[in-house]
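First up is the structure itself, then whatever we jot down about it.
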């Protein structure tokens, strides 16, 4: 018989890993709640009419598509079949797919439930998404996204709040030094406006989005290949080289974008966001204006964010931005919003690597009752139910195996206490309790036993 | 533009529904933890080699299959294509599917991680599964299962614990009167053994499994159609008609199954399970031996359970049983186990219908700070961060809209308090706090404000 295997790019998690991951999700969740975000749930399976053409050509290829049920080929054209015309056939034999992110489903949700939600709609969603990407280190085909979005308000107060959320969550998680990079898409649009290459804006964004991978030289080369003149490239380089404190950067930028109304709007928005934050020192994060930040996804229209670790080589661990028209694709306009996403999988990898996850018990069980069989077993079973009634997480070993084996079970499962009550003790209503870490042992009556285990 | 829609049989959930559902999941989860079960996670996507032929022919049809990526037709035979030979083509163009339950993935998990888990392995798993069933009231294509299983021990102590788990969880959930039906597959095997129809055991089980739908007469008719003699049908009827208390039922059963070693083993096991429970009164559930209980799924080999509501017409709200060979299909034998599953979707439907869900706030937000714009807005934003630093769930309205609109936002979102601090109050460091339910209003300094909102 073939050994069972996981599907490619998929993962199982052991209890200890689940507890460690829950620790991360719980901090993110409770912080989202603290800022007034509410949870929603959307299905894993969405119609492909919702998902297709939302993530670019590359994204469409990465959608997991669900085969239609029944005689799925009945409508397929014979010629397409014999020619193995994949694209024509795929559209006939699949109508559903697995969600690729939580943002497009959110847009659908807002449009469909517009009468049942409170606007501005602050929602969070922590759940799995799927991408048929080539698996590699740190990249999985099934992974969690942890998103908070606020939809239906143009207020930049929410953009400022996003920065505080990054700082609050990552500080609680004990993530090492991190930088919150901030930019505004209108500044990028402004440089294009000021230097008259608005028609090549997309090429420009695609090029600078590769900054992390190919460096400034690479970006410049790519821009040259796309036909950008030396003067334009020089202007773009100036934008990248703006330095100093955040307010110094903004002052320099103002001179660079003097002639761009769009650019000036972007500067004004950034100033407003920073002004909101001026009275509130961050816990740990450093805000850094970075005018080369682009965020590839093209639905962002204003503020954009990206959080990176200062001294650890890894892509962004959180990101987000403001968008004007998320729901326009589903026929609803005037729904500006801003949202952020924590890369929980990457955060887990960093914390695990740097040994920054808190020590977790392998289980929540507080005590194991040793099983001596016979009548003692029955008394032990009753005792177990008394502990359960007091909400003490507890177990009775299922058989009268050798004591050593029973103790081993407790050790392996990280259970700190064992109760070894033989016939005599049961008759006398005393319970010998042993701490298997310290070796400390004491005999307690039921009341003290319960008090001790509850503490 | 076409209106966006949900895929067939799929559901969205509003924040209030998510909170209500979390209330149910949390009680199930914390109770599982109390009994020593540990959480695991398995992927949504499994290889079809794992899922196929595990749920019978009908189940195979209900698997959601994921289309292979890329040129998925390249290996498909031309003749199969032109003949639209679905079964041959499907096996070539799909290799992955969505999990149909949490049990088969558990079996795979135990086999693959045998060296990393503690045996007996008490695991729970609360997550979604998918079935391409025809959607109807109370039946969804995507739904939660809440499973706890204990693998690697033949001890009937765990079977007794399953009964306590049903009782504990359903009692905490305030589910109305319920009956925990218990049987043992060996008793059904025993009646077949005693009356010499072991070769027709499957027909027998399939027939009595329909009891709820077609009643005793229907079952008898079906057995007749399957060629059961009158004498055998009479014996089966006697089994169904056994009455009295549970111990009286067992006594009657002993005479009926006098000549069946398997049947006697079943009786012995049931007695043992009941004996464990004899010292522990249930909170609310009533244990009822029901020898007509069959549980269709054929991996059960011993104790079987089914929980039904006493006075509410609905299928079972929880179920489970003991199995000897769950992992045998993946090449690992000697792994007996017992497991239960709560039908959280049905439990939600009952509690909602009977108005038994606790009153939930529409959000966890405690206070809304009214936004007066300008400098007041900046002070309000600082105040908001002070509240966040104290872990008080709070919001600042994002713009200086009319006060009425801002109050409406608080009301709609179920936020009990608002702070209305104008310029004067801010200068004097006092914060007017209003309870928008009672109308009560008071002016507090920061310290008292925080204390009040934390209480």
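Residue numbers (my numbering), protein chains in the order written: chain A, 208 to 662; chain B, 208 to 662.
Beta carbons: idealized from backbone N, C-alpha and C, even for Gly.
In this text, all values refer to a predicted model and were calculated from it rather than measured experimentally.
- Rounded to whole angstroms, the gap between the alpha carbons of residue 211(B) and residue 251(A) is 16 angstroms.
- Taking C-beta separations shorter than 8 angstroms and ignoring five residues to either side along the sequence, the partners of residue 591(A) in its chain run 576, 601, 602, 603, following chain order.
- Under DSSP, residue 526(B) takes part in a beta bridge, and its partners are 513(B), 548(B).
- Look at residue 531(A): its C-beta is not under 7 angstroms from any C-beta on chain B.
- Secondary structure note for residue 640(A): it is in no alpha helix (DSSP H), and the uninterrupted beta strand (DSSP E) holding it is 638-642.
- Counted as a single uninterrupted DSSP element, the stretch harbouring residue 247(A) is not any beta strand (DSSP E), since DSSP gives it neither H nor E.
- Interface with chain B (7 angstroms Cβ-Cβ cutoff): residue 265(A) is excluded.
- With respect to residue 541(B), residue 508(B) sits apart: the two C-beta atoms are not nearer than 7 angstroms.
- Chain A places no beta carbon closer than 7 angstroms to that of residue 453(B), leaving this residue out of the contacts.
- By DSSP's assignment, residue 304(A) forms a beta bridge with 253(A), 272(A).
- DSSP places residue 650(A) in the uninterrupted beta strand (DSSP E) bounded by 648-651.
- Non-local beta-carbon contacts of residue 625(A) in its own chain, meaning distances under 7 angstroms to residues more than five positions away in sequence, involve 574, 575, 577, 614, 617, 641, 643 in chain order.
- Secondary structure of residue 601(B) (DSSP, three-state): strand.
- Your pair residue 334(A) and residue 351(A) checks out as a contact, with CB atoms roughly 7 angstroms apart and the cut at 8 angstroms.
- Using a 10 angstroms sphere on the CB of residue 559(A), the tally of other CB atoms stays under 16, which defines it as exposed.
- Residue contact with chain A for residue 506(B): absent (no Cβ-Cβ distance below 7 angstroms to any residue of chain A).
- Boundaries of the alpha helix (DSSP H) around residue 444(B): 437-448.
- Contact between residue 279(B) and residue 368(B) does not hold, since the beta-carbon distance rounds to 47 angstroms and is not under 8 angstroms.
- Listed along chain A, the residues sitting closer than 7 angstroms to residue 271(B) by beta-carbon distance are 273.
- Around the Cβ of residue 216(A), a 10 Å sphere holds 16 or more other Cβ atoms; the residue is buried.
- If you draw a straight line from the Cα of residue 308(A) to the Cα of residue 337(A), it is about 7 angstroms long.
- Judged by DSSP in its simplified three-state form, residue 340(A) adopts coil rather than helix or strand.
- Under the 7 angstroms criterion on CB atoms, residue 321(A) is classed as non-interfacial with respect to chain B.
- Restricting attention to 623(A), 224(A), 325(A), 276(A), the CA atom closest to the CA of residue 302(A) is found in 276(A).
- Rounded to the nearest angstrom, the gap between the Cα atoms of residue 257(A) and residue 218(A) is 27 angstroms.
- Contacts with chain B (Cβ-Cβ distance below 8 angstroms) from the region 333-348 of chain A involve 335, 337, 339, 348, listed in chain order.
- The beta carbon of residue 304(B) sits closer than 7 angstroms to those of 253, 255, 258, 270, 271, 272, 273, all from its chain and outside the five residues before and after it, given in chain order.
- For the 7 angstroms CB-CB criterion, residue 396(B) and residue 239(B) do not form a contact.
- Three or more Cβ pairs closer than 8 angstroms define a contact, and the region 379-387 of chain A falls short of that threshold against the region 454-461 of chain A.
- Excluding its 5 nearest sequence neighbours in each direction, residue 433(B) has C-beta neighbours in its own chain below 6 angstroms: 410, listed in chain order.
- At least 7 angstroms separates the beta-carbon of residue 386(B) from that of residue 554(B).
- The Cβ neighbour count for residue 294(A), taken over all protein chains shown within 10 Å, is under 16; the residue is labelled exposed.
- If you look at residue 355(B), you'll find it isn't in any alpha helix (DSSP H); it sits in the beta strand (DSSP E) that goes 349-358.
- Per DSSP, residue 322(B) is not a residue of any beta strand (DSSP E), being assigned neither H nor E.
- At least one beta carbon of chain B lies nearer than 7 angstroms to the beta carbon of residue 257(A).
- Between the beta-carbon of residue 480(B) and that of residue 510(B) there is about 6 angstroms, and that keeps the pair under the 8 angstroms contact cut.
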